[in-house]
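Each residue of the sequence shown is one higher than the one before, counting from 0 in numbering that gives the first Met the number 0.
Read through the structure below, which is laid out as structure tokens, and then see the notes.
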Amino acid sequence: MPHYRALGDIPPKRHTQHRTPEGGLYYEELMGEEGFSSDSSLLYHRHIPSAITDSAVWELPDQRTVPNHPLLPRHFALHGLVKGERWRDADVVTGRRLVLGNGDVRISYAVAGAPSPLYRNGLGDECVYVESGRAVVETVFGRLTARTGDYVVLPRATTHRWLPEGDEPLRVYCVEGNSHIAPPSRYLSRYGQLLEHAPYCERDLHGPTELVEARGQDVAILVKHRGAGGEVVGTRFTQAEHPFDVVGWDGCLYPYTFNVADFEPITGRVHQPPPVHQVFEGNNFVICNFVPRKVDYHPLSIPVPYYHSNVDSDEVMFYCGGDYEARKGSGIGQGSVSLHPGGHSHGPQPGAYARSIGVESFDELAVMVDTFRPLELGEGGRASDDGAYAWTWAGRGPQA
């Protein structure tokens, strides 16, 4: 995080005695990135945070992937993954369906109505986009409120749980890195402040404003972590005392929300390249968003994207609002994900190129993930693939 925050009761000097009202000691925990050489926070616990009483295997939802071979662009209709009222008993953590993944990032989808277990991701940061609904996210750093359009950024190993609110399903698009997820380095000063040319600033980032008070013993926590050979595995820890026993913390590492409506789009006389839409970056992947905006104003401009080959990356678009002009006629709609893999030239659907001439604004909302290693298909992707998207530019499928 680019700026410092403090919440609750902390001592005036770090790594010094912090006493309870009764004269006992609080337990200081350093949560830091890259060893001791990057952002960190200090949390003060009532109990020893490392005290566990049991450890057992947590059988994760299916994490297997298969190559996208033979190479195809694909359309995944995610709203069809959860049928009927099943979402009412599902939660954001154990109900995730893996759509796409590689060694750097995993993209999942969940529709939930039930509280999640306590959970932390030991592989990397999570960036969870709330497509619809609302929730409270309780974390060891405090409480966040999440609403439609929010990115919820959770640093690696942050213990938290999702509590959906209201009678509508909570639909979330989960981007799990094997690294940290942060604002692009080009948006930041050398000291970490968001610069004037960045499309958002610190005022748009909302961290916890109140601590979560929870007591209890022998509390279960689900942990996602690395197994032998680098595969993703799970463990169920039983912690001696509830992890939400923090009385205060300070530092530059903590969870926060950022709403897509606070992203200020960058436009120009001619079509701007996708990096102007970037919001976050991780190791070997970036996250961008396409928001409602005025479009190109050169008198001869063509506002929809030009046809392009992803030479070095796979492109994944999640369509979550408005009307995406370039994809009309492809079957893509709300809740769709398109995969345009490296090695395939793609662009607007037939007719969209000419129809866009003279258009002054686009009412569209999409979250894009570009990866620099090829993506494979997860169980949720295989289950939601429409099987027809690849042929929509030509208007006909494979020849017999």
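Every residue, glycine too, gets a C-beta built ideally from N, C-alpha and C.
As the crow flies, the alpha-carbon of Gln348 is around 17 Å from that of Phe317. Less than 8 Å separates the beta-carbon of Ala50 from that of Gln238. Contact between the stretch 78–86 and the stretch 285–305 is absent: fewer than three C-beta pairs spanning the two stretches fall below 8 Å.
For Arg160, the uninterrupted beta strand (DSSP E) run begins and ends at 159–164, by DSSP.
In the DSSP assignment, Tyr43 falls within the beta strand (DSSP E) that extends over 39–44. Residue ranges of uninterrupted beta strand (DSSP E) with 3 or more members, entirely inside the stretch 324–348 and ordered along the chain, are 335–339. Glu314 counts as buried, since at least 16 other C-beta atoms from the protein chains shown sit within 10 angstroms of its C-beta.
Within the same chain, and ignoring the five residues on either side of His307 in sequence, the residues whose Cβ sits closer than 8 Å to its Cβ are Ser344, His345, Gly346. For the pair Asp295 and Pro304, the CB atoms are not nearer than the 8 Å cut-off. Here the alpha carbon of Phe262 sits roughly 33 Å from the alpha carbon of Asn67. DSSP places Asp244 in the coil class of the three-state scheme, outside both helix and strand.
Straight-line spacing of the CA atoms in Leu169 and Ala387 works out to 28 Å. Looking only at Ala111, Asn120, Ala213, Pro114, the smallest Cα-Cα distance to His46 is reached by Ala213. DSSP places Ser54 in no alpha helix (DSSP H) but in the uninterrupted beta strand (DSSP E) bounded by 51–56. Short of 7 Å from the beta carbon of Tyr25, and not among the five residues preceding or following it, lie these beta carbons of its own chain, in chain order: His17, Thr19, Tyr43, His44, Arg45, Val246. Judged by DSSP secondary structure, Ala109 falls within the beta strand (DSSP E) whose first and last residues are 104–111. In terms of Cα proximity to Tyr118, the closest of Thr158, Thr208, Pro48 is Thr158.
Nearest in C-alpha terms to Val211, of all of Thr138, Asp149, Ile265, Val232, is Thr138. Going by beta carbons, Tyr172 and Tyr108 fall inside the 8 Å limit. No Cβ-Cβ contact shorter than 8 Å links Ser383 with Cys251. Around the beta carbon of Ile356, fewer than 16 other beta carbons sit within 10 angstroms, so the residue counts as exposed. Judged by beta-carbon spacing, Tyr128 lies within the 8 Å limit of Val366, meaning their Cβ atoms are closer than that value. Under the three-state reduction of DSSP, Val366 is assigned to strand.
Three or more Cβ pairs closer than 8 Å define a contact, and the stretch 96–114 meets that threshold against the stretch 152–166. The Cβ atoms of Gly206 and Pro154 lie no closer than 8 Å to each other.
Residue pairing of Gly250 in beta bridges, as defined by DSSP: Arg4, Ser40. Three or more beta-carbon pairs separated by less than 8 Å are not found between the stretch 190–205 and the stretch 219–237, which leaves the two stretches without contact.
Going by beta carbons, Val290 and Pro264 fall inside the 8 Å limit. Shown here for Leu29: same chain residues with a beta carbon closer than 7 Å to its own, the five before and five after excluded, namely Ser39, Leu41 in chain order.
When Pro72, His241, Phe371 are compared, the shortest CA-CA separation from Gln216 is found for His241. At the C-beta level, Val104 and Gly176 come within 8 Å of one another.
Rounded to the nearest angstrom, the gap between the Cα atoms of Ser312 and Ala325 is 20 Å.
The alpha carbon of Asp362 has as its nearest neighbour, out of Val91, Trp390, Gln62, Asp322, the alpha carbon of Asp322. At a cut-off of 3 residues, the continuous stretches assigned as beta strand (DSSP E) that sit fully inside the stretch 252–298 are 255–258, 277–281, 284–289. Note on Trp390: under 16 other CB atoms within 10 angstroms of its CB, so exposed under the neighbour-count rule. The beta carbons of Gly121 and His224 sit closer together than 8 Å.
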